[in-house]
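Residue numbers (the numbering used here), protein chains in the order written: chain A, 144 to 522; chain B, 144 to 522. From the three backbone atoms N, C-alpha and C, an ideal C-beta is built for every residue, glycine too. Input: a single structure, listed below in C-alpha cells.
Number of protein chains: 2
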Amino acid sequence: MATFLEQLETPVPIVDLDRLAHNLDRMAAYATLHGLRLRPHVKTHKATRIAAEQLRLGAVGLTCATLREAEVMAEVCNDLLVAYPPVGAARLERLARLPQHVRVAVAADDPAALDALAVAAKLGRRTFDVLVEVDLGMHRVGVATPERAVQIAEHAARSSVLRFAGVQFYPGHIREAVGEQDAALQQLGRDLAPYLDALTQAGHAPAVVSGGSTPAAWRMHEVPGVTEVRPGTYVYNDRTTALIGACDWDDCALTVLATVVSVSVKGQAVIDAGTKALGREPLRADGDGYGALLEHPEVVVSRMSEEHGILDLSRTRWRPRLGEQVRIVPNHVCIVVHLFDEVFGVRGHAVETRWAVEARGRESNKWYEPVLHEGPRAV
Amino acid sequence: MATFLEQLETPVPIVDLDRLAHNLDRMAAYATLHGLRLRPHVKTHKATRIAAEQLRLGAVGLTCATLREAEVMAEVCNDLLVAYPPVGAARLERLARLPQHVRVAVAADDPAALDALAVAAKLGRRTFDVLVEVDLGMHRVGVATPERAVQIAEHAARSSVLRFAGVQFYPGHIREAVGEQDAALQQLGRDLAPYLDALTQAGHAPAVVSGGSTPAAWRMHEVPGVTEVRPGTYVYNDRTTALIGACDWDDCALTVLATVVSVSVKGQAVIDAGTKALGREPLRADGDGYGALLEHPEVVVSRMSEEHGILDLSRTRWRPRLGEQVRIVPNHVCIVVHLFDEVFGVRGHAVETRWAVEARGRESNKWYEPVLHEGPRAV
Numbered sequence: 144m145a146t147f148l149e150q151l152e153t154p155v156p157i158v159d160l161d162r163l164a165h166n167l168d169r170m171a172a173y174a175t176l177h178g179l180r181l182r183p184h185v186k187t188h189k190a191t192r193i194a195a196e197q198l199r200l201g202a203v204g205l206t207c208a209t210l211r212e213a214e215v216m217a218e219v220c221n222d223l224l225v226a227y228p229p230v231g232a233a234r235l236e237r238l239a240r241l242p243q244h245v246r247v248a249v250a251a252d253d254p255a256a257l258d259a260l261a262v263a264a265k266l267g268r269r270t271f272d273v274l275v276e277v278d279l280g281m282h283r284v285g286v287a288t289p290e291r292a293v294q295i296a297e298h299a300a301r302s303s304v305l306r307f308a309g310v311q312f313y314p315g316h317i318r319e320a321v322g323e324q325d326a327a328l329q330q331l332g333r334d335l336a337p338y339l340d341a342l343t344q345a346g347h348a349p350a351v352v353s354g355g356s357t358p359a360a361w362r363m364h365e366v367p368g369v370t371e372v373r374p375g376t377y378v379y380n381d382r383t384t385a386l387i388g389a390c391d392w393d394d395c396a397l398t399v400l401a402t403v404v405s406v407s408v409k410g411q412a413v414i415d416a417g418t419k420a421l422g423r424e425p426l427r428a429d430g431d432g433y434g435a436l437l438e439h440p441e442v443v444v445s446r447m448s449e450e451h452g453i454l455d456l457s458r459t460r461w462r463p464r465l466g467e468q469v470r471i472v473p474n475h476v477c478i479v480v481h482l483f484d485e486v487f488g489v490r491g492h493a494v495e496t497r498w499a500v501e502a503r504g505r506e507s508n509k510w511y512e513p514v515l516h517e518g519p520r521a522v
Numbered sequence: 144m145a146t147f148l149e150q151l152e153t154p155v156p157i158v159d160l161d162r163l164a165h166n167l168d169r170m171a172a173y174a175t176l177h178g179l180r181l182r183p184h185v186k187t188h189k190a191t192r193i194a195a196e197q198l199r200l201g202a203v204g205l206t207c208a209t210l211r212e213a214e215v216m217a218e219v220c221n222d223l224l225v226a227y228p229p230v231g232a233a234r235l236e237r238l239a240r241l242p243q244h245v246r247v248a249v250a251a252d253d254p255a256a257l258d259a260l261a262v263a264a265k266l267g268r269r270t271f272d273v274l275v276e277v278d279l280g281m282h283r284v285g286v287a288t289p290e291r292a293v294q295i296a297e298h299a300a301r302s303s304v305l306r307f308a309g310v311q312f313y314p315g316h317i318r319e320a321v322g323e324q325d326a327a328l329q330q331l332g333r334d335l336a337p338y339l340d341a342l343t344q345a346g347h348a349p350a351v352v353s354g355g356s357t358p359a360a361w362r363m364h365e366v367p368g369v370t371e372v373r374p375g376t377y378v379y380n381d382r383t384t385a386l387i388g389a390c391d392w393d394d395c396a397l398t399v400l401a402t403v404v405s406v407s408v409k410g411q412a413v414i415d416a417g418t419k420a421l422g423r424e425p426l427r428a429d430g431d432g433y434g435a436l437l438e439h440p441e442v443v444v445s446r447m448s449e450e451h452g453i454l455d456l457s458r459t460r461w462r463p464r465l466g467e468q469v470r471i472v473p474n475h476v477c478i479v480v481h482l483f484d485e486v487f488g489v490r491g492h493a494v495e496t497r498w499a500v501e502a503r504g505r506e507s508n509k510w511y512e513p514v515l516h517e518g519p520r521a522v
C-alpha cells in the first residue's frame with residue numbers, strides 16, 4: 144500500500160528525495176572540481192543516513208557543533224571537526240569519550256580552552272587536532288590578530304596531546320547574493336592572508352584552511368589558501384538560500400506540510416504551522432514573512448503564534464479550502480529540523496520513507512539522578 | 144550527594160521550584176478570589192507533574208493546543224479543552240481516540256469543521272462540547288459577527304454528538320502593560336457583549352465564556368461575562384511577562400543555564416545558548432535583545448547563531464570569565480521549553496529534580512511504516 148502526502152498528519156517536515164539527491168551531488172561535484180575538501184556541517188540534517196551519503200559522495204569528514212551531533216555522527220564517520228569552543232567540563236568530558244578510532248579536530252580561540260582540551264585528551268587517552276578560529280568579519284568567535292593566532296598555534300604545538308592542524312573561519316557576515324560577492328570575497332582573501340603568512344613564518348604552516356557556509360560556498364575557491372568548506376544548509380536549502388541565488392527555488396528539498404485550519408478571518412488563511420514548527424527566523428534576503436508556499440511563493444506566512452501561521456492572501460487570487468494541505472518553504476531550514484523528531488521522505492505525492500532527526504536533542508546530563516526524596520507535592 | 148548548578152551541562156533550562164510554586168499559588172488565588180474558573184494552558188510546561196499541581200490547586204481542567212498535549216494530559220486530567228480548530232483527518236482521529244472518561248471540549252469557527260468533528264465523535268462513540276471561537280481583535284481565528292456565532296452554535300446544537308457549551312476568545316492583541324489595560328479591557332467587554340446577547344436571545348446562552356492569557360489574565364474579571372481564564376505562561380513567566388508588569392523579575396522561574404564559551408571578540412561574550420536554545424522571539428515590551436541575564440538584566444543577548452548567543456557588554460562593567468555559567472531569562476518561555484526534552488528543578492544552587500517535557504514532540508504519523516524496499520543508496 145502506497146502512502147500519500149494527503150494521509151500525513153501535519154505539521155510535518157517532508158523532504159523531496161530527488162531534490163535532496165541533486166543537492167548532495169551538486170555540492171560534491173563543486174568541491175571535487177575545485178579541489179576543495181568537503182566537510183559538511185551536520186547541524187542542518189542531524190541524521191546519519193544523510194551524513195553517510197555525504198561521505199559516500201566524497202566528503203572527507205563531518206562538521207559538528209554539539210557533542211550530541213558528534214556522538215551520533217561517530218557511528219558513521221571517523222573524522223570529525225567539532226567547530227565549537229571546547230569550554231565547560233561536560234563538553235570536554237564528552238569530547239574525551241568520543242570513540243577512540245575517530246580523529247577529532249576542535250576549533251578554539253583561547254589558550255585557556257586549549258589547556259582544558261589537553262586535560263580532556265589525557266582523560267580520553269587520545270589526541271586532538273586543533274584549528275585556530277580566526278575572526279574575518281563575523282565578530283562572533285575567533286582571534287582578531289595574526290599574532291594571537293600564532294600564539295594559540297604555538298600553545299597547541301607545545302602540548303603532547305594536541306596537534307596544530309590549521310585555521311578555521313566562518314564567513315557568516317557575507318550576506319550578499321551569490322552573484323554580488325566579488326568584493327566581499329576579495330576582502331575575505333585580504334583578511335585571511337596575514338594569518339596564513341604569520342603562521343607559516345612562525346613554522347606553523349596550516350595544513351587545513353577551513354571556511355565556507357552554504358551562502359558563500361559556491362565561490363569559496365576564489366579565496367586564496369582555502370582548502371576545505373563546511374556548508375550545511377545545501378542539503379535541503381531554504382527560502383533564504385534560494386532568494387540569494389545559492390540554489391534555485393526548485394532545489395528547496397524540505398518543506399513543512401501544513402493544513403489550513405481556519406479561513407474565518409478575511410484576507411488570510413490560518414495553517415497549523417506556527418513558531419513551534421517554523422521558528423521565527425528572518426528572511427536574509429529581500430522579502431518579508433517567515434516562509435512562503437512552495438507552489439505559490441507570493442503567499443507568505445506573515446504572522447505566527449506558537450501553533451498558528453497566518454497566510455497573507457493579499458498578493459494572490461488563490462484561495463485555500465478549509466482542510467487543504469500546503470507546503471511551506473521555511474526561511475531557515477536548520478531551525479525547522481531542530482523542532483521535529485523525524486522527517487518524511489517523499490517523491491511526488493508518494494511517501495517513501497521516514498528517518499529520525501537523531502542528533503536533535505542534547506542528551507546531556509544523563510548522569511544526573513535526583514537524590515532528594517520527592518514528597519507528595521509534585522513540584 | 145547533592146548536585147549543584149555548576150555541575151550541569153549547558154545549555155539547559157532550569158526551574159526555580161520555589162518561584163514555580165509561588166506562581167502556581169498566585170494564579171490559583173486570583174481565580175478563586177474573582178470567581179473565575181482556571182483552565183491553564185499546558186503549552187508552556189507540557190509536563191504532567193505541573194498540570195497535576197495546577198489541578199490540585201483548583202484548576203477545573205486544562206487547555207491544550209496539540210493532540211499530543213491532550214493525549215499526555217489525559218493521564219492526569221478528565222476535563223480538557225482543545226483550543227484549536229478540529230481540522231484534518233489525523234487530528235480528528237486523535238480527538239476521537241482520547242480516553243472515553245475524559246470530557247473534551249473543542250473550539251471551532253467553521254460549520255464544516257463541526258461536521259467533521261461530529262464524524263469523529265461517532266468514530267469514538269463519544270460526544271464533544273463545542274465552544275464557538277470569536278475574534279475580538281486578535282484577527283487570528285474566530286468568527287467576526289454575532290450572527291455567525293449563533294449559526295455555529297445552532298449547527299452544534301443540531302448534532303446528536305455535539306453540545307454547544309459556550310464561547311472562547313483569545314485576547315492576544317492586548318499588548319499594553321498590566322496597569323495600562325483599562326481602555327483595551329473596556330473595548331473587549333464592548334466587543335464581547337453582542338456575542339453573549341445574540342447567543343442568549345437565540346436560546347443558546349453560553350455556560351462558558353473563556354478568555355484570558357497571562358498578560359491580561361490578572362484583570363480578566365473586569366470583562367463582564369467572562370467565566371474562565373486560560374493562562375499558560377504564568378507558571379514560569381519570562382522577560383516579556385515581567386516587563387509588562389504581569390509578574391516581578393523575581394517571579395521568572397525558568398532560566399536557560401548557559402556557559403561562556405568565548406571572550407575573544409571585544410565588548411561581548413559568547414554563550415552556548417543560541418536560537419536552538421532560546422528561539423528568536425522578540426521582546427513584547429520596551430527593550431531589545433532575545434533574553435537578559437537573571438543577575439544582570441542590563442546584559443542582553445543581542446545577536447544569535449544556532450548555537451551561539453552574543454552577550455552585549457556595553458551597558459555593564461561586569462565581565463564574565465571563560466567557562467563561567469550565566470542564567471538567561473528568555474523573552475518567551477513557551478518556545479524555550481519546546482526546544483528541550485527535559486528541564487531541571489533547582490532551589491538556590493542545588494539541583495533537586497528533573498522532569499521530561501512529555502508533550503513536546505508531536506508523536507504524529509505513528510501508523511506509518513515505509514513500504515518500499517530501501518536499496519543501498521541511503522537517501
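Name the chain A residues whose beta carbon is nearer than 7 Å to that of residue i?
i, result
"HIS282/B", "VAL408"
"ASP394/B", "None at all; the shortest Cβ gap to chain A is about 15 Å."
"CYS477/B", "GLU449"
"SER507/B", "GLU152, VAL155"
"GLY432/B", "Residues of chain A passing the Cβ test: none, with the nearest at roughly 14 Å."
For the ligand MG, is there any heavy atom lying closer than 7 Å to the beta carbon of residue i?
i, result
"ILE387/B", "Of ligands this structure carries none, so the ligand MG is not represented either."
Ignore the nearest five residues each way along the sequence and tell me which others in residue i's own chain have a CB closer than 7 Å to its CB.
i, result
"GLY518/B", "Interpretation of GLY518/B is limited by its pLDDT of 45, a score under 50 that renders its predicted location unreliable; no figure is taken from the coordinates."
"MET144/A", "In this prediction, MET144/A has a pLDDT of 44, which is less than 50 and means its spatial position is unreliable; nothing more can be read from the coordinates."
"GLN243/A", "ARG269"
So which residues on chain A does residue i lean against when the C-beta distance must stay under 9 Å?
i, result
"ASN166/B", "Those within 9 Å of ASN166/B in chain A number zero; the least Cβ separation is about 10 Å."
At a CB-CB cut-off below 7 Å, which residues of chain B make contact with residue i?
i, result
"ARG423/A", "GLY422, ARG423, GLU424"
"GLY504/A", "ASP484"
"PRO228/A", "VAL404, SER405"
"ALA412/A", "Residues of chain B passing the Cβ test: none, with the nearest at roughly 10 Å."
"THR209/A", "GLU450"
Excluding the 5 residues preceding and the 5 following residue i in the sequence, name in chain order all residues of the same chain whose CB lies nearer than 6 Å to its CB.
i, result
"LEU515/B", "Unreliable placement is indicated for LEU515/B, whose pLDDT of 46 sits below 50; the coordinate value is still reported in the next sentence. So no residue of the chain qualifies."
"ALA263/B", "LEU235, LEU238, ALA239"
"CYS390/A", "ASN380, THR384"
"THR146/B", "VAL494"
"LEU153/A", "First, the residue type needs correcting, since residue 153/A is Thr and not Leu in the sequence shown. If we look at THR153/A and ignore the five residues flanking it on each side, its Cβ neighbours are LEU400, ALA401, THR402, ASP415."
"HIS184/B", "THR206, ARG373, GLY375"
"GLU149/A", "none"
"VAL247/A", "LEU223, LEU241, PHE271"
"GLY432/A", "VAL443, VAL444, SER445"
"VAL250/B", "Note that residue 250/B is Ala in the sequence shown here, rather than Val. So the qualifying residues of the chain are ALA226, LEU274, GLU276, GLN311."
"VAL406/B", "ALA412, LEU465"
Roughly how far, in whole angstroms, is the beta-carbon of residue i from the beta-carbon of residue j, given that I think they are within contact range, below 8 Å?
i, j, result
"VAL366/A", "LEU335/A", "6 Å"
Considering only residues of the same chain and omitting the five flanking positions on each side of residue i, which have a CB-CB separation below 8 Å?
i, result
"GLY322/B", "GLY388"
"VAL522/B", "At VAL522/B the pLDDT is 49, less than 50, meaning the model places this residue with poor confidence; the figure from the coordinates comes in the next sentence. Hits under 8 Å: none found."
"ARG470/B", "ILE157, THR398, VAL399, LEU400, ALA401, LEU436, LEU437, GLU438"
"ALA341/B", "PRO289, GLU290, ALA292, VAL293"
"GLY332/A", "GLU365, VAL366, PRO367, GLY368"
"ALA308/B", "ALA248, ASP272, VAL273, LEU274, PRO349, ALA350, VAL351"
Which bits of chain A does residue i rub up against, with CB to CB less than 8 Å?
i, result
"GLY231/B", "GLU152, THR153, THR402, VAL404, ASP415, GLY466"
"ASP253/B", "SER405, VAL406, SER407, LEU465"
"ASP278/B", "SER407, VAL408"
> Are three or more beta carbon pairs between the stretch 308–322 of chain A and the stretch 271–288 of chain A nearer than 8 Å?
Replying inline: With the cut-off at 8 Å, the stretch 308–322 of chain A and the stretch 271–288 of chain A touch.
>> For the pair the stretch 417–425 of chain B and the stretch 488–503 of chain B, tell me if three or more CB-CB distances fall below 8 Å.
In response: No, because fewer than three Cβ pairs between the stretch 417–425 of chain B and the stretch 488–503 of chain B fall closer than 8 Å, the two stretches do not touch.
> Which residue spans inside the stretch 442–513 of chain A form an unbroken alpha helix (DSSP H) run of at least 4?
Replying inline: Within the stretch 442–513 of chain A, the complete alpha helix (DSSP H) runs of at least 4 residues are 476–481.
>> Quick test of the definition: if touching needs 3 or more C-beta pairs under 8 Å, does the stretch 454–465 of chain A touch the stretch 473–481 of chain A?
In response: Touching, no, given that fewer than three Cβ pairs across the two stretches are closer than 8 Å.
> Of all the beta strand (DSSP E) runs that stay within the bounds of the stretch 215–245 of chain A, which reach a length of 3 or more residues?
Replying inline: The stretch 215–245 of chain A contains these whole beta strand (DSSP E) runs: 222–225.
> Taking only runs of the beta strand (DSSP E) that begin and end inside the stretch 154–202 of chain B, which ones reach a length of at least 3 residues, in chain order?
Replying inline: The stretch 154–202 of chain B contains these whole beta strand (DSSP E) runs: 155–159.
> Using 8 Å as the Cβ pair cut-off and three pairs as the minimum, do the stretch 152–166 of chain A and the stretch 482–492 of chain A touch?
Replying inline: As far as the Cβ criterion goes, the stretch 152–166 of chain A touches the stretch 482–492 of chain A, which means the pair count is three or higher.
> Is the stretch 405–420 of chain A in contact with the stretch 164–183 of chain A, if contact means three or more CB pairs nearer than 8 Å?
Replying inline: Too few Cβ pairs lie closer than 8 Å, so no.
>> For the pair the stretch 184–201 of chain A and the stretch 210–218 of chain A, tell me if three or more CB-CB distances fall below 8 Å.
In response: At 8 Å Cβ cutoff, the stretches touch.
> Going along the chain, which unbroken runs of the beta strand (DSSP E) with 3 or more residues stay wholly within the stretch 260–337 of chain A?
Replying inline: Segments of the beta strand (DSSP E) lying fully in the stretch 260–337 of chain A: 271–276, 305–311.
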